Amino acid sequence: MSIVRPYGDTTGDGMVQTSFTLPVPPGPKAEGAALQLAGKMGIHPAMVVHSHGIGTGFTFFVVYGSVTHLVDLDAVEVEERDYPLLSPTEVNGAIKTRLHRKLVVMGACIGTDAHTVGIDAILNLKGFAGEKGLEYYREMDVANLGAQVTVPELVGQARAARADAVLVSQVVTQKDAHLRNTRELAGAFREAMGESRPLLVVGGPRFDPAMARDLGVDKVFGRGTTPGEVASYLVSALLPEEVAA
Amino acid sequence: MSIVRPYGDTTGDGMVQTSFTLPVPPGPKAEGAALQLAGKMGIHPAMVVHSHGIGTGFTFFVVYGSVTHLVDLDAVEVEERDYPLLSPTEVNGAIKTRLHRKLVVMGACIGTDAHTVGIDAILNLKGFAGEKGLEYYREMDVANLGAQVTVPELVGQARAARADAVLVSQVVTQKDAHLRNTRELAGAFREAMGESRPLLVVGGPRFDPAMARDLGVDKVFGRGTTPGEVASYLVSALLPEEVAA
Amino acid sequence: MSARLTLDAGLVTRARELAALAAQPVIDLAGQHTTVSVERAVLRLAGLEGTDPVTGEGEIPWVNRVVDVVREQVGLEHGVALPVWHAIASGGAGSLQEVAEQVGAGTARFEVPTGGAEERAREAALAAVGAGLSRVDGARRRREELVATHGDPPRRPWIYLIVATGDIYEDIPQAQAAARAGADVIAVIRSTGQSLLDYVPEGATRTGYAGTYATQENFRLMRAALDEVSAELGRYVRLTNYASGLCMPEIAALAGLERLDMMLNDAMYGILFRDINPIRTFVDQRFSRMVHARAGIIINTGEDNYLTTADAVDEAHTVTVSQLLNERFAREAGLEDWQLGLGHAFEINPTVPGSFRLELAHAMLARSLFPDAPLKWMPPTKHMTGDVFGGYLLDGFFNLAGMLTDQSILLVGMMTEAVVTPWLSDRDLALRNVRYVLDAAGGLGEDFSPPPGGFIDTRAHTVLGEAVDLLERITADGLLPSIAQGTFGITKRPADRGKGLDGVVVKAPGHLDPATELMEAAL
Amino acid sequence: MSARLTLDAGLVTRARELAALAAQPVIDLAGQHTTVSVERAVLRLAGLEGTDPVTGEGEIPWVNRVVDVVREQVGLEHGVALPVWHAIASGGAGSLQEVAEQVGAGTARFEVPTGGAEERAREAALAAVGAGLSRVDGARRRREELVATHGDPPRRPWIYLIVATGDIYEDIPQAQAAARAGADVIAVIRSTGQSLLDYVPEGATRTGYAGTYATQENFRLMRAALDEVSAELGRYVRLTNYASGLCMPEIAALAGLERLDMMLNDAMYGILFRDINPIRTFVDQRFSRMVHARAGIIINTGEDNYLTTADAVDEAHTVTVSQLLNERFAREAGLEDWQLGLGHAFEINPTVPGSFRLELAHAMLARSLFPDAPLKWMPPTKHMTGDVFGGYLLDGFFNLAGMLTDQSILLVGMMTEAVVTPWLSDRDLALRNVRYVLDAAGGLGEDFSPPPGGFIDTRAHTVLGEAVDLLERITADGLLPSIAQGTFGITKRPADRGKGLDGVVVKAPGHLDPATELMEAAL
Ligand code: B12
Ligand code: B12
Ligand SMILES: Cc1ncc(COP(=O)(O)O)c(C=O)c1O
Ligand SMILES: Cc1ncc(COP(=O)(O)O)c(C=O)c1O
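Residue numbers (my numbering), protein chains in the order written: chain B, 1 to 245; chain Z, 246 to 490; chain L, 491 to 1013; chain C, 1014 to 1536.
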């Protein structure tokens, strides 16, 4: 069946939990406002099961109830992995036989973001979730520029190193910093190198993988990405089998 | 200003948290389904910040994001207290001077509901939240029939005692038991006593006080009700000042 | 063991002496009476199943019909066994089933046999009920085998979870999911109305409110589902239900037959929280406990409930008194210490300063007073609110206290306690909570040692002292009058009131209850 | 106190000796260098405020412009003070402000005075900077008065909360709300970019990302708001910011002037987590710590950060080593023990068996090794996930561990750690969490006594032993090479790389830093 609803304790009951703060003092009026919002969210009937004032001008609510919405599974658009997962040996083999030189990969955190643990997880030998990072791949030439690299600096280094792929991490998302920075990245590479720009890959825990086109990059990876996925993607995007055949 | 939005950390940011379970196995498709639902709830952009499988066929999600809805405080309908809060002395005084006999109050839990703590909080001497219960009111004649009283039994007893008001508690709400039972109560009293039926008051933690008319009773009290509120309401509903004047 | 306090031995001895004194008059009373449900349980053990297709929309079990008609025709003072097996032994009916059908058809004529006829009826009844008890014994042996095969949970406390959709077919996958996620014991709560039904519903049911009907078929279906998942997990997952309410003896019998593993079964819960007549309750209690003893079932008593109506600090000693009484009643009925899942609960108002340490004190008192009982510890319910975040935290501290004080069975709290009967996800989150606590803090007992004379030790002794004082008063006043005065759960229940009183019958000399007779003989 | 372990005294002594040995070369290095930021801090203490309205869109402070031009014209080897006050003393400019304006107009001509001119410039510089230090002293006295008037928090640990909207005018009401709800210390986190700015922004700011700019005006506004709420609450609410990044010395000076109460200030954080050049960092460090010592500010060190990049179990000893180094550097700069808010954190993967007991062991080691330091304990961050329920529980256990092990300052964890910078409601819920734990379990220390030789004691000694071993290696290899090898936070930082290196200058003989001179004289 392609239509489902949230499940509390019975199929089809539609039950959800939600919490939020409204900038109104606590009281019956605030509860009414919370119910109004819950109603607009499609929760019907809604129960305000808890509320308490925060300071004098705010009220926090917990609401339970049944949403009237249906979820149509057929309409779900998923960024399904459209490339095969390869082992490190297969990745190395593909690069060797199809490219005949090392694949040059450059990584960085751009903007003022100093969170390197994510990009390190993808690049460093140590890797992530039991998979070795890209530095482990014999046929890759990996440079990790670290954090707080400016976009112009990154473009310059990528050009100098003739990078095949540039991997950028963005973890801070407040005020959509990650989206802004990614767009700036894409624009700068387009402007500086046009068609000959390297493959642009961004990643970070709060990205929606479906946004690549919108952001002007080739691929977006989200939370929990493993190095093997990234390596496999690089092979499929840069060295498609047909080319080698 | 009468238009507000939920508040995360900045005025107008609209941020809310929600969690729910969908009857689909964990994976990208499930996350897509969760995002679809969040979108239908008006959360845009929505982030699935957590998901985990429950058994094989279900996935639990935590979603954060900004709702596009506006809350119009002017449109909030509140069951505002439309009677003055009286002290026990004032209540006793009003009954004495306006009724010239004791006010007869009968309380019970009906149906299969055995939760008496709520009705006891209203009726018993001990009371609730520092306020004494109705038994403390010298001018009231209170009978608490306890739990699991059938509606016919209650009608019979109320008629025999010539109750002025019947107070009924309903705590169990699964499958809307409280609403069904309340409607049955109202119907039975109407049928048995017509216009001369006692004042019907129901209460319980999951009732929406705005539902009285819909349920066919005179008044509905929700979570956190205090005995003083109930006593004050009884005076205003049964012994309005004008009548005495 | 750090979770034990060194209690004042004199006080402990005195407490048990007083409990025995207080219980004795009620035990005597139980011996002098029978009830409709005890009599129906006898027929159930003898194998009578099914409902009268005609009476009451086909919902009334044959056991009810037979007992009612026997009572009408000859009274119940001699029990149902003699008239019924006299009918069979004298050739009036070919089988128990046929007796029932005659009742249905209105052709049954019962009489109380005497002399040789009485002896024959008696033999036949004992044989028939003995066969049922053998099935109970078989179920017990089967449990022992399965535990040997699959193994017990790897650690204490056992994790106990509630399922309560009202629909056995929604309950089953939820129970299996809970077991896979770490539950050691599954309890199927009953529909709100069932405890006051004076019959046990039949068949697989899907229409309970806030709980699922306890029926023999539901027992069977759920036990089979848990056997399946036990094999899958390599850990025997236990099943619990409620031997409580007006049909307590029958449900106990069905639990024994269908291999339930634990049963909620309390000496006073029905009186206090269901307004069931005290004498009816004590009579039904004794029978049901004998069945549980025989079936190797662990009982769970209900002291936790007192703290939902009374204050958990002020009335802590009433829990201790009730545990001592439950222990006495249980031992008298043949239950062994390993079967005494005495109840208590984490119900102190969390805003009381030092509430967590008070909880530890109360939990350690119970642990130290009943060192060999598989204590069952209940989570916060009364002070849970719609603040599900705060509730999740409180449940975590409950889990911690349970682990630190070495409780045996931990009923896992739900963050939505004040909101809804548990959702699938609530149960899953609750199990994650308890898993974190047990994994992260397991072994913390090594570092936990409340000093003699310290806050915890002092508080535990205060409660024990208050319990002894209360027991003195109860032995003086009598247990039934004490219950009438609101001693437990601040709920007053006079002995001559309450539901089900009309089902109580004073036994005549020569009354036969073959089940009790066989069970007592085997003790 | 149960929260103290009896540590092997030999190991403890050896650890401190080694830390002193390891620190000495770096302290010597700090004495031999100055930095642009140290020089700017001198001008700030002397009262130079404001920005050049022309250069860089009006954002560049005068202190930067003056130091840059001095450096261009005469180099910084002698410090900025001699050339600047020579200009004033020799009548080239009427005031410090006028010097700045001449720099702005391009008319300033600096020279390094000698002989009598040098002596006059020196006197003038000492007088001007001395006036600034008197303002710092005044702020310190004012704090002491206010603490005396309003009182300190009624109990330990102090509750420390973060505010970080990016907009000082949203921060203020949120900070006040947090204080009303129980926060004892408010930290305003800085915007992501600030630490790498080589100047301190000016004015009230509303545009930070994931944090609010540290400016003198923002400091002033927030301190005033907290003074207001302190008076309302009858409890002095402390304010914290970050003396960190390329402007560490200047921010320390501003904090001293504006009566901030605590400052994040770590000997190695900038090196490891902002890739700031190690020598720049150690030079800036020493200056900023002297200012903090003078200002009566409690510093908070950043060992917690190591456990976000390195494993909290494997690398626990690196935290201890860093604490010992931070202690040594701090004492050398004149800080007293009550000012050493040494950092550590609850960052063990919660799925590691016994994780909670390991946390207790690490926390007790720190507590026992630094008995008089106001230890600052950081909540779980790395293993927080979007499961906000689980996160809320984990934060509760963090709070419990903090209380049990007698930590001094508790940075309260947020359930949304992995999701967003804290919402108003997150902070409120976090305070409810800590309040529950402190109220409900306060005093539990009485019952908590890890036995000698037990799991906790053994683990603490293991970590201490590993720390001593590592210190042996560091004294052998040198601290700078050890940092280059990735000893801390598994992050490698060579001494000749990193940001801000071009701002480091070797001092010439006769270099004048009037601030350091005055502060050292007063020690
Ligand atoms: C560790 C950490 C730090 C460390 C960083 C150390 C370092 N060298 O990286 C320190 C302590 C220094 C730090 C500092 C700050 N932090 Co921080 N920090 C975290 C923390 C606890 C964990 C992040 C992490 O390491 N995750 C583990 C890695 C493996 O996961 P990941 O990054 O998601 O990466 C995975 C995927 O996303 C993906 N991926 C990521 N990048 C890329 C790139 C490519 C190309 C690909 C293919 C894949 C990929 O693959 C990885 C493996 O699966 C988070 C909270 C949390 N629990 O998430 C906060 C957090 C990220 N920090 C935060 C903030 C605000 C800060 C500060 C700005 C605070 C301040 N104002 O001082 C500072 C300053 C940092 C700065 N200038 O950016 C916020 C961000 C809020 C937001 N959503 O905008 C968070 C969420 C905490 C919070 N709730 O406030 N932080
Ligand atoms: C105490 C309690 C019990 C006690 C009841 C003892 C007794 N004598 O009342 C015991 C242990 C016996 C019990 C049993 C059961 N309980 Co119960 N119980 C609770 C508990 C923990 C607290 C309820 C309470 O006492 N609140 C305190 C009182 C003061 O608050 P209140 O009822 O809201 O009353 C206030 C207002 O609502 C109002 N009010 C209430 N009534 C009235 C009436 C009038 C006229 C007026 C004016 C005002 C008014 O004024 C009161 C004061 O402010 C709640 C969980 C929770 N934390 O809420 C579950 C809960 C109510 N129980 C529940 C269930 C399912 C059961 C059982 C059915 C479980 C089972 N299948 O065995 C049984 C059977 C009971 C039955 N047949 O009804 C569910 C109900 C789920 C739902 N929403 O449908 C809850 C929510 C727990 C859960 N999450 O599963 N329970
Ligand atoms: C001992 C005991 N029996 C029975 C029940 C359940 O009630 P009922 O008899 O209504 O199923 C409880 C409640 O949890 C209980 O504690
Ligand atoms: C010691 C120390 N300094 C500074 C910071 C903040 O970083 P930034 O310098 O980027 O403001 C932290 C992070 O929390 C820290 O621990």
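The beta carbon of each residue, even a glycine, is placed where N, CA and C say it ideally should be. No experiment lies behind these values; they were computed from the predicted model shown.
{"Query": "Residue 1106/C (DSSP reduced to helix, strand or coil)", "Result": "coil"}
{"Query": "Cβ-based burial, residue 674/L [other Cβ within 10 Å; buried from 16]", "Result": "buried"}
{"Query": "Coarse secondary structure for residue 1254/C, derived from DSSP in three states", "Result": "strand"}
{"Query": "CA-to-CA distance, residue 1122/C to residue 1076/C, given in whole angstroms", "Result": "16 Å"}
{"Query": "Any non-hydrogen atom of ligand 2 closer than 8 Å to residue 681/L Cβ", "Result": "yes"}
{"Query": "Residue-chain proximity (residue 334/Z, chain B), Cβ-Cβ < 9 Å", "Result": "no"}
{"Query": "Residue 1065/C: contacting residues in chain L (beta-carbon distance under 8 Å)", "Result": "In chain order: nothing, as chain L lies at least about 50 Å away."}
{"Query": "Close-in-space but distant-in-sequence residues of the same chain around residue 1349/C (CB under 8 Å, 5 per side omitted)", "Result": "1306"}
{"Query": "Any chain E beta carbon closer than 9 Å to residue 902/L", "Result": "Among the protein chains in the structure shown, which are B, Z, L and C, there is no chain E."}
{"Query": "Residue 266/Z at chain B interface by Cβ criterion, 9 Å", "Result": "yes"}
{"Query": "Cβ-based neighbour list, residue 442/Z, same chain, cut-off 6 Å, excluding 5 preceding and 5 following", "Result": "434"}
{"Query": "For residue 1160/C, the nearest candidate out of 1020/C, 1304/C, 1243/C (CA to CA)", "Result": "1243/C"}
{"Query": "Reduced DSSP secondary structure (H/G/I, E/B, other) of residue 376/Z", "Result": "strand"}
{"Query": "Among 626/L, 603/L, 588/L, 914/L, the one whose alpha carbon lies nearest that of residue 565/L", "Result": "603/L"}
{"Query": "Residue 1313/C - partner residues in DSSP beta bridges", "Result": "1277/C, 1354/C"}
{"Query": "Residue 1318/C Cβ short of 8 Å to ligand 4 heavy atom set", "Result": "yes"}
{"Query": "Close beta carbons around residue 700/L, own chain, < 8 Å, minus the five adjacent residues each side", "Result": "654, 656, 679, 681, 682, 911"}
{"Query": "Cβ contact (3+ pairs, closer than 8 Å) linking the segment 1385-1394 of chain C and the segment 1303-1321 of chain C", "Result": "yes"}
{"Query": "Where residue 1019/C falls, given that 16 or more other Cβ within 10 Å makes a residue buried", "Result": "exposed"}
{"Query": "Chain-ordered chain C contacts of residue 146/B [CB-CB under 7 Å]", "Result": "1288"}
{"Query": "Minimum C-alpha distance to residue 677/L - residue among 661/L, 686/L, 670/L", "Result": "661/L"}
{"Query": "Counterpart residues of residue 202/B in DSSP-defined beta bridges", "Result": "168/B, 220/B"}
{"Query": "Residues of the segment 833-861 of chain L with Cβ closer than 9 Å to any Cβ of chain B, in chain order", "Result": "none"}
{"Query": "Listed by chain order, chain B residues near residue 320/Z by CB distance under 8 Å", "Result": "36"}
{"Query": "Distance CB(residue 652/L)-CB(residue 921/L) smaller than 9 Å", "Result": "no"}
{"Query": "Alpha-carbon spacing of residue 37/B relative to residue 76/B, whole angstroms", "Result": "26 Å"}
{"Query": "Bridge partner(s) assigned by DSSP for residue 309/Z", "Result": "262/Z, 292/Z"}
{"Query": "Beta-carbon contacts of residue 786/L that lie in its chain and below 8 Å, excluding the five residues immediately before and after", "Result": "630, 633, 634, 829"}
{"Query": "Positions along the segment 1465-1481 of chain C whose CB lies within less than 8 Å of some CB in chain L", "Result": "1467, 1468, 1469"}
{"Query": "Proximity test, residue 473/Z beta-carbon vs ligand 4 heavy atom, cut-off 8 Å", "Result": "no"}
{"Query": "9 Å Cβ cutoff, residue 907/L in contact with chain C", "Result": "no"}
{"Query": "Buried/exposed call for residue 1045/C, threshold 16 Cβ in 10 Å", "Result": "exposed"}
{"Query": "Cutoff 9 Å: residue 277/Z Cβ touching any chain B Cβ", "Result": "yes"}
{"Query": "Beta-carbon proximity list for residue 865/L, same chain, < 6 Å, skipping 5 on both sides", "Result": "832, 856, 897, 898"}
{"Query": "Simplified DSSP state of residue 938/L, which is helix, strand or coil", "Result": "strand"}
{"Query": "Cβ-heavy atom distance, residue 907/L to ligand 2, below 8 Å", "Result": "yes"}
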